[in-house]
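Comments concern the structure below.
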Amino acid sequence: MSHATGIRYLKDGVLPHMWCPGCGIGIMMGAMLRAFEELGYTNRDTVVVTGIGCTGKLDDYLVTNALHTTHGRALAYATGIKAFNPKLNVVAVMGDGDSVTIGGNHFIHAARRNMDLTAIVINNFNYGMTGGQVSGTTPGGRFTSTTAWGNPERDFDICALAQVAGANYVARETPYRGWELKEAIKEGLGRKGFSLVEVFSPCPTHFGKNNEMKETRQMLHWLKEKALPAEEYNRLDKEAAEGFFPVGKLVDRHEPDFNARYEEIRQKAMAAKKG
Amino acid sequence: MRSEAKLMQGNQAIAEGAFYAGARFYAGYPITPSSEIAEECSKRMPLVGGVYMQMEDEIASMGAIIGASLAGAKSFTATSGPGFSLMQENLGLAVMGEVPCVVVDVQRAGPSTGLATKPAQADVMQIRWGRHGDQTLIALCPATVAECFSLTVTAFNFAEKFRVPVIIAPDEVVGHLRENVIIPGPGELEVIERKQPSGAPASYKPFTADADGVAPLAAYGGDYVFHVSSSMHGPEGYSNNEPANATWRVGQLHRKLEMHRDEIVITKTFDADDAEVLFIAFGATTRASRAAALELRKQGVKAGVLQLVTLWPFADREVAKLGGRAKTVVVTEMNYSGQVAGEVRRVLGSGADIRQVNSYNGQIIRPRAILKAVQ
Ligand SMILES: Cc1ncc(C[n+]2csc(CCOP(=O)(O)OP(=O)(O)O)c2C)c(N)n1
Ligand code: SF4
Chain A
1 MSHATGIRYL KDGVLPHMWC PGCGIGIMMG AMLRAFEELG YTNRDTVVVT GIGCTGKLDD
61 YLVTNALHTT HGRALAYATG IKAFNPKLNV VAVMGDGDSV TIGGNHFIHA ARRNMDLTAI
121 VINNFNYGMT GGQVSGTTPG GRFTSTTAWG NPERDFDICA LAQVAGANYV ARETPYRGWE
181 LKEAIKEGLG RKGFSLVEVF SPCPTHFGKN NEMKETRQML HWLKEKALPA EEYNRLDKEA
241 AEGFFPVGKL VDRHEPDFNA RYEEIRQKAM AAKKG
Chain B
276 MRSEAKLMQG NQAIAEGAFY AGARFYAGYP ITPSSEIAEE CSKRMPLVGG VYMQMEDEIA
336 SMGAIIGASL AGAKSFTATS GPGFSLMQEN LGLAVMGEVP CVVVDVQRAG PSTGLATKPA
396 QADVMQIRWG RHGDQTLIAL CPATVAECFS LTVTAFNFAE KFRVPVIIAP DEVVGHLREN
456 VIIPGPGELE VIERKQPSGA PASYKPFTAD ADGVAPLAAY GGDYVFHVSS SMHGPEGYSN
516 NEPANATWRV GQLHRKLEMH RDEIVITKTF DADDAEVLFI AFGATTRASR AAALELRKQG
576 VKAGVLQLVT LWPFADREVA KLGGRAKTVV VTEMNYSGQV AGEVRRVLGS GADIRQVNSY
636 NGQIIRPRAI LKAVQ
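Here the protein sequences come in this chain order: A and B. Quick note: the first sequence, position 267, residue 267 per the numbering used here, numbers continuous. Position in the second sequence (first residue = 1) + 275 = the numbering used here.
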């Protein structure tokens, strides 16, 4: 059996890409494009919406429909696209700053509405594009270019946020688990309603450098060592779980999405108008 | 179909105009004095196969209407000062990405939350310059409920024809005014649809303009696959930071409106041809200025009014022509700084006798106050 490469969605002549050696964004992009291919997505029926940041640069490599938006607002744009044309496959690709720091409000509301979108979030624990500043997902105590003495704030658990906000599907993966990452994206894309795939991702250039993992392989090693499949992670007590994080499918629901609910209301309104 | 007269509110007439123009997507966030537009849309969008969404804020509202427009909808939103401020960054994307859409800013008195929700005409400069970077757009300003309707149709037409966001900027007075309006039957007013691409899909370039200065715009989901970007981009919508490309691109955003300036700049005049005293007004102050001009005519003074229906691009030529002929020009506006008076001064030069009548206390300008300026 031949394997999907996703290459049909890549623009000619754009490689090598702009991301640093050891960055996780390219691996995520590869996984996403393989998932597209396995699902039989066409360029015309697919819209990739990006925010601003290293992650947000991704649309420049693609030949699908694309909308490169403003920092933090990708999901708002994606919402308008999907609400007006429910047939489109709409994917929002964002960094952690984009999705849950400046754009946190749109994130929780897109999940609450259960918009039929897939959000793919590269969480590299800092702002890559602008030089490694602190983010809403930088763990407490960690060092960034704007937390020279350690981060006094706590970090968001993006998956938990999506879960309580109402997402139908939530998974966390890492670039080390390339196949699982592709599978998670595929399942998220296939799921009606809001799906989130969070990708814990190395940014050796900034987060790694500032936190004693400056070799490109060190962050990847850290992600390899500390990722535990959710069932395994959930069996551990708090103390044993310290420093580890769960990966794999974390939320699995089938609630009706916004478009389905809106259609229901529309039918009701039409019937009332006629009657 | 027979045209019928209806008593309606300015905001309602705006919603009516939007449906007449074929609007099928509304996203907004409630704010007085604009909310009636949202309420009307929430009732009617589902009945015409459209979508109404109340978003989490005005930033999202602006993003959502741009997204929907690129999916093929005629889309719009309505707000007032604080919400309009929040929309600026994404409004800039609509300019940069040449995305047709309409934004209604029912002006209320600031600064900040200000005199919520009393009338003002203080967003004139924000409408023009509120976003970072050099950019341009169209703004229309109704003075009557009938104009609320007809200018909304015009706004959608301009947005579609020139691929540009169009602002409709009534003040609270006009937004909440009730007057009789005759709603034309379908087909009586022209309704324009955006130009579609027609060549081979593989050769479609969403930013290569035709001879009319405007590029055709496909919709996501059709045969034409395309990219739109907030970043500086080439003809195909992919990032391009080359100086020559940026020169072409920024110029193009301006040129397409400059080319069609005469069609876009709408003014109305009342007894202005022989006017020695010329009132320049827009929105609600047009009404008081007309009353003042009529009173002066009774007294034997040749007075008239130039109404700026299009606020931006500014009516330089019309102001120069009529203002140049008049002995005295009086600009009436509900703001402190004389946002339009400054433009008039730029056009007529500092030697002209230009007087200002301003109010910035949430009260409308009355004819009496205007008359005082010329006595
Ligand atoms: C409104 C606004 N504020 C700030 C910026 C500057 N900026 C660009 S990207 C970015 C952060 C990027 O971090 P993230 O979203 O995590 O993506 P990454 O670069 O790490 O992939 C910031 C602050 C901007 N473009 N727009
Ligand atoms: S700065 Fe960090 S996030 Fe950006 S490309 Fe480099 S490694 Fe990736």
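Think of the CB as a built atom: it goes at the ideal place given N, C-alpha and C, for glycine as much as any other residue. No experiment lies behind these values; they were computed from the predicted model shown.
Query, Result
"With a Cβ-Cβ cutoff of 8 Å, do V663 (chain B) and G613 (chain B) count as a contact?", "Beyond the ends of chain B as shown, which are 276 and 650, falls residue 663 (chain B); an answer cannot be given."
"If you compare alpha carbons, which of B:K436, B:A566, B:K393 is closest to V377 (chain B)?", "B:K436"
"In whole angstroms, what separates the C-alpha of Y301 (chain B) from that of I52 (chain A)?", "25 Å"
"Please report the distance separating the alpha-carbon of I158 (chain A) from that of M270 (chain A).", "39 Å"
"Under 7 Å: does the beta carbon of I25 (chain A) sit that close to some heavy atom of ligand 2?", "yes"
"Between the C-alpha atoms of T46 (chain A) and N89 (chain A), what's the straight-line distance to the nearest angstrom?", "5 Å"
"Taking F300 (chain B) as the query, report the chain A residues whose CB atoms sit under 8 Å from its CB, ordered along the chain.", "G80, A83, F84"
"On the DSSP letters alone, give me the boundaries of the alpha helix (DSSP H) that P246 (chain A) sits inside.", "Taken as a continuous stretch (DSSP letters only), P246 (chain A) belongs to no alpha helix (DSSP H), being part of the beta strand (DSSP E) at 245-252."
"Taking buried to mean at least 16 other C-beta atoms within 10 Å of its own C-beta, is E357 (chain A) buried or exposed?", "With chain A covering only 1 through 275, there is no way to say anything about residue 357 (chain A)."
"Sort out for me which residues DSSP pairs V121 (chain A) with in a bridge.", "A:M94, A:E198"
"At the 8 Å Cβ level, is R172 (chain A) part of the contact set with chain B, yes or no?", "no"
"Would a C-beta distance cut-off of 8 Å place A78 (chain A) and A343 (chain B) closer than the cut-off?", "no"
"In the segment 496-508 of chain B, which residues sit with their C-beta less than 9 Å from some C-beta in chain A, listed in chain order?", "G496, G497, D498, Y499, V500, F501, H502, V503, S504, S505, S506, H508"
"Can you tell me where the beta strand (DSSP E) holding G579 (chain B) begins and where it ends?", "578-583"
"Please state if the CB of A119 (chain A) and the CB of M94 (chain A) are separated by a distance shorter than 8 Å.", "yes"
"State the DSSP-derived secondary structure class of G13 (chain A), mapped to helix, strand or coil.", "coil"
"Tell me the rounded alpha-carbon separation between K647 (chain B) and V576 (chain B).", "14 Å"
"Would you say D487 (chain B) touches ligand 1, meaning its beta carbon is less than 7 Å from a heavy atom?", "no"
"Measure the CB-CB distance between M609 (chain B) and I629 (chain B) and report whether it falls below 8 Å.", "no"
"Between the C-alpha atoms of D537 (chain B) and R592 (chain B), what's the straight-line distance to the nearest angstrom?", "10 Å"
"Hey, does M270 (chain A) have any beta-carbon neighbour from chain D nearer than 8 Å?", "Checking the listed chains, one finds no chain D in this structure; the protein chains it contains are A and B."
"Taking any Cβ of chain A, which residues in the segment 357-369 of chain B have a Cβ under 9 Å from it, in chain order?", "E364, N365, G367, L368"
"Against chain B, which members of the segment 36-51 of chain A pass a CB distance test of less than 8 Å?", "N43, R44, D45, V47, V49"
"Run down chain A in chain order and give the residues with a C-beta less than 9 Å from the C-beta of G347 (chain B).", "F84, N85"
"With a cut-off of 8 Å, does the C-beta of V441 (chain B) fall near any C-beta of chain A?", "no"
"For my contact list, A162 (chain A) and L196 (chain A) are in at a C-beta cut-off of 8 Å; report their separation, rounded to the angstrom.", "4 Å"
"Residues of the segment 126-140 of chain A with a CB closer than 8 Å to any CB of chain B: list them in chain order, please.", "none"
"Hey, A265 (chain B) and F433 (chain B): beta-carbon distance below 8 Å or not?", "Residue 265 (chain B) is absent from the model: chain B starts at 276 and stops at 650."
"Relative to the alpha-carbon of I498 (chain B), which residue among B:P386, B:S478, B:R299, B:A627 has its alpha-carbon at the smallest distance?", "Checking the sequence shown, residue 498 (chain B) turns out to be Asp, not Ile. With distances taken between Cα atoms, D498 (chain B) lies closest to B:S478."
"Counting only Cβ pairs nearer than 8 Å, list the residues of chain A close to A339 (chain B).", "A76, Y77, T79, G80, A83"
"Is G56 (chain A) near ligand 2 - that is, is its Cβ less than 7 Å away from at least one heavy atom of it?", "no"
"List, in chain order, every chain A residue whose beta-carbon is nearer than 7 Å to that of L492 (chain B).", "Those within 7 Å of L492 (chain B) in chain A number zero; the least Cβ separation is about 13 Å."
"Given that a residue counts as buried once 16 or more other Cβ atoms are within 10 Å of its Cβ, and exposed if not, what is T522 (chain B)?", "exposed"
"Taking 7 Å as the cut-off, does the CB of H204 (chain A) come closer than this to any heavy atom belonging to ligand 2?", "It is Pro, not His, that sits at residue 204 (chain A) in the sequence shown. Yes - ligand 2 has a heavy atom lying nearer than 7 Å to the Cβ of P204 (chain A)."
"Is there a Cβ of chain A sitting closer than 8 Å to that of A309 (chain B), yes or no?", "Note that residue 309 (chain B) is Ser in the sequence shown here, rather than Ala. Chain A contact via Cβ: absent."
"What span of residues does the alpha helix (DSSP H) with Q410 (chain B) cover, start to end?", "Segment: none, Q410 (chain B) is in no alpha helix (DSSP H) and carries neither H nor E."
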